[in-house]
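For my numbering, count along the sequence shown from 1 and bump the result up by 76.
No residue lacks a Cβ here, since even glycine has one placed at the ideal position from N, Cα and C.
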Amino acid sequence: MHHSLHSPIFVVLSVIVAVFGSWTALDLFRRVADNIGRARIIWLGVAAIVMGVSIWSMHFVAMLGFDPGSAVSYDPLLTFVSLVLAIGSTAGAFFFVASDTVRPKQIVLAGIAMGAGICSMHYVGMAAVQTTVSLGYKPGLVVLSLVIAVVASTAALFAARREHSTRMQAIAAFILGLAIVGMHYTAMAALQLVHVQDHQVALNGAPPMALAIGVAALTVLVLFLALMASLYDQRASILAALEAGGVGYWELDLPSDTVHLSPKGRAVFGLSPDDGISFKDLLMRVGADAREERQRRLAHSVATGADYDIEYSLTQDKRWVNSRGRVVGSRNGRSSKMVGVVLDVTDRRNAFLELKASEARQRLLTDELNHRVKNTLATVQSIARQTARESPSTDLFLASFEARLQALSATHNALTRGGWDKASLREILQNELKPYAAGQVDIRGEDVALGARSALSLGMVFHELATNAAKHGGLSVPGGRLAVEWHLEEQDGESVLRFNWTELGKPIFGAPTRKGFGSRLIRVSIELELGGKAAIDYAEEGLRCTLTLPASTTLVSQAA
Numbered sequence: 077m078h079h080s081l082h083s084p085i086f087v088v089l090s091v092i093v094a095v096f097g098s099w100t101a102l103d104l105f106r107r108v109a110d111n112i113g114r115a116r117i118i119w120l121g122v123a124a125i126v127m128g129v130s131i132w133s134m135h136f137v138a139m140l141g142f143d144p145g146s147a148v149s150y151d152p153l154l155t156f157v158s159l160v161l162a163i164g165s166t167a168g169a170f171f172f173v174a175s176d177t178v179r180p181k182q183i184v185l186a187g188i189a190m191g192a193g194i195c196s197m198h199y200v201g202m203a204a205v206q207t208t209v210s211l212g213y214k215p216g217l218v219v220l221s222l223v224i225a226v227v228a229s230t231a232a233l234f235a236a237r238r239e240h241s242t243r244m245q246a247i248a249a250f251i252l253g254l255a256i257v258g259m260h261y262t263a264m265a266a267l268q269l270v271h272v273q274d275h276q277v278a279l280n281g282a283p284p285m286a287l288a289i290g291v292a293a294l295t296v297l298v299l300f301l302a303l304m305a306s307l308y309d310q311r312a313s314i315l316a317a318l319e320a321g322g323v324g325y326w327e328l329d330l331p332s333d334t335v336h337l338s339p340k341g342r343a344v345f346g347l348s349p350d351d352g353i354s355f356k357d358l359l360m361r362v363g364a365d366a367r368e369e370r371q372r373r374l375a376h377s378v379a380t381g382a383d384y385d386i387e388y389s390l391t392q393d394k395r396w397v398n399s400r401g402r403v404v405g406s407r408n409g410r411s412s413k414m415v416g417v418v419l420d421v422t423d424r425r426n427a428f429l430e431l432k433a434s435e436a437r438q439r440l441l442t443d444e445l446n447h448r449v450k451n452t453l454a455t456v457q458s459i460a461r462q463t464a465r466e467s468p469s470t471d472l473f474l475a476s477f478e479a480r481l482q483a484l485s486a487t488h489n490a491l492t493r494g495g496w497d498k499a500s501l502r503e504i505l506q507n508e509l510k511p512y513a514a515g516q517v518d519i520r521g522e523d524v525a526l527g528a529r530s531a532l533s534l535g536m537v538f539h540e541l542a543t544n545a546a547k548h549g550g551l552s553v554p555g556g557r558l559a560v561e562w563h564l565e566e567q568d569g570e571s572v573l574r575f576n577w578t579e580l581g582k583p584i585f586g587a588p589t590r591k592g593f594g595s596r597l598i599r600v601s602i603e604l605e606l607g608g609k610a611a612i613d614y615a616e617e618g619l620r621c622t623l624t625l626p627a628s629t630t631l632v633s634q635a636a
């Protein structure tokens, strides 16, 4: 019995090939999850080929260092069969476990089948050896090599399905590489070499040098595929940049209507990483009012090659997205795929709507301010003209004019507190009668909210009544009193606001012979501007003024 020798340099090279091949296969398999349709199948096939070729290359690199003590050649057919076994068993297992629905128990079964195929590859490869030494095997170590192959294969399949950092992927590739090499040298340890007297074998197979060239060529292929994968990393880098910018990426395989979404794209549509998604499911997440338009634009882009760009609402969370894309891979006039990006534009859209509403409010406020300034200037002009007409001196004009402007200003302040939509009737009265003794004034009535126009007119009326009472009426004498009361009542089927101003303590001996500015302002404001009625009674016990105003045009609502 002879013992075989293994060249250390080829042992080291076999480990390098196995580890490097495992790294490349794991890296390539990771691309499978990022692709759909034809591209997914291609990457799956490439990963399986690389894994099978790397295992086969490792085997024959190690065999180049194998010295049985006699000349060696290799049967070409069996050598090729061993390559097919390596690639076939690996490809079958990879295709099986690439499904998103595969279970761990099924992965173990695929690992057993892959391990058996790899172990078969080894022993078929050994059967291809042509030498004058008879080859035999120790059954125990053969079984052990099979177990190692199954364990290594199962570990490779589980590792291929998991996401890894670069460091973890390197560790996984190193362990898998050592396991594959361990399987080979365990099988080689099972080998029993027996020199048979006068045993002649025709060494007409492939010489080791030719095999070395073949192995080198396949190793170069592995390097080339690794280079292609490295170039493909540009895609991964772009996707990472899009993710960092909050932009999702999508692909649509047009022949099969299969859709792929990046993690950020899934988040935009409210999908978890584990949610299955079809093109139809995605369409149902679009707001019902936008589905037809989305389909129309998508069909137009596919038919004409025009860029696809649309904003639409989603059925969940009242969010809006912007989706953009274009057709790629057009062959023979037929489009095969669309790629694009999607981003959440809810905040942008809400900000735009708020800005638009703000601009509308600003225009409204500007128009309203312009209107109010003109009205205020017209009111001031009228006050100035009428005050000047009844004032015998400049000093009296200034005093009266200033008092009336202050009354107008107080009403403006009350309206400002109500947003220029309303003002409290009680507040306007209290501001006007504040200078007078509290014991002389009695104010009664449920507070009501006056509209802006009514507040301005009544504010001026109250000022004229208060000024007249202070000069000539119930507030001009120490014992005089003023009672102000208002209430809502029905009159001729219409709700009206009735306002009673009653002065006591200052007798009146006849009505005035001429009407002054105050009485004219009261009648113009109440009857012409507000559509109400004003009745002034110069009773002997004191002046009485009754104002009747339509509630529908005077009031806004009950004041809070």
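DSSP places VAL403 within a strand segment (E or B) once states are collapsed to three. Sorting MET190, ILE118, LEU154, ASP420 by C-alpha distance to the C-alpha of GLU319 places ASP420 at the top.
Going by DSSP, GLN206 is part of the beta strand (DSSP E) stretching over 205-207. In the three-state scheme derived from DSSP, where H, G and I count as helix and E and B as strand, VAL335 is classed as strand. Between TRP119 and LEU104, the CB-CB gap stays under 8 Å. In this model, MET360 and ARG424 are separated by some 23 Å (Cα to Cα). Annotated as distal: TYR384 and ARG372, with beta-carbon spacing of 8 Å or more. When secondary structure is reduced to three states using DSSP, GLN268 falls in the strand class. Collapsing the DSSP output to three states places ILE125 in a helix. For VAL173, the three-state secondary structure derived from DSSP is helix. Counted as a single uninterrupted DSSP element, the alpha helix (DSSP H) harbouring LYS547 occupies residues 528-547.
CA-to-CA, the gap between SER485 and GLU508 works out to about 11 Å.
The C-beta separation of LEU534 from LEU541 comes to about 10 Å, leaving the pair out of contact by the 8 Å criterion. Straight-line measurement puts the Cα of ALA364 at about 15 Å from the Cα of ILE386. Taking the C-beta atoms as reference points, LEU374 is found no nearer than 8 Å to ILE353.
Going by C-alpha positions, ARG370 is about 17 Å away from GLN392. As the crow flies, the alpha-carbon of PHE96 is around 10 Å from that of SER90. Within the model, the alpha-carbon separation for PHE473 versus GLY521 is close to 34 Å. In chain order, THR262 place their CB closer than 7 Å to the CB of LEU220, counting only its own chain and leaving out the 5 sequence neighbours on each side.
Rounded to the nearest angstrom, the gap between the Cα atoms of ALA528 and GLY586 is 36 Å. Distance from the CA of ASN398 to the CA of TYR325, rounded to the nearest whole angstrom, comes to 12 Å. In this structure, SER389 keeps its C-beta atom at 8 Å or more from the C-beta atom of ALA249. Less than 8 Å divides the Cβ of PHE136 from the Cβ of GLY201. Here SER133 is not near MET190, since their CB atoms are 8 Å or more apart.
By DSSP's assignment, GLN567 forms a beta bridge with GLU570. THR630 sits in a helix when the DSSP states are folded into three classes. Secondary structure of GLY352 (DSSP, three-state): coil. Assignment of LYS609 by DSSP, reduced to helix, strand and coil, places it in the strand class. DSSP, reduced to helix, strand and coil, places LEU211 within a strand of the structure shown.
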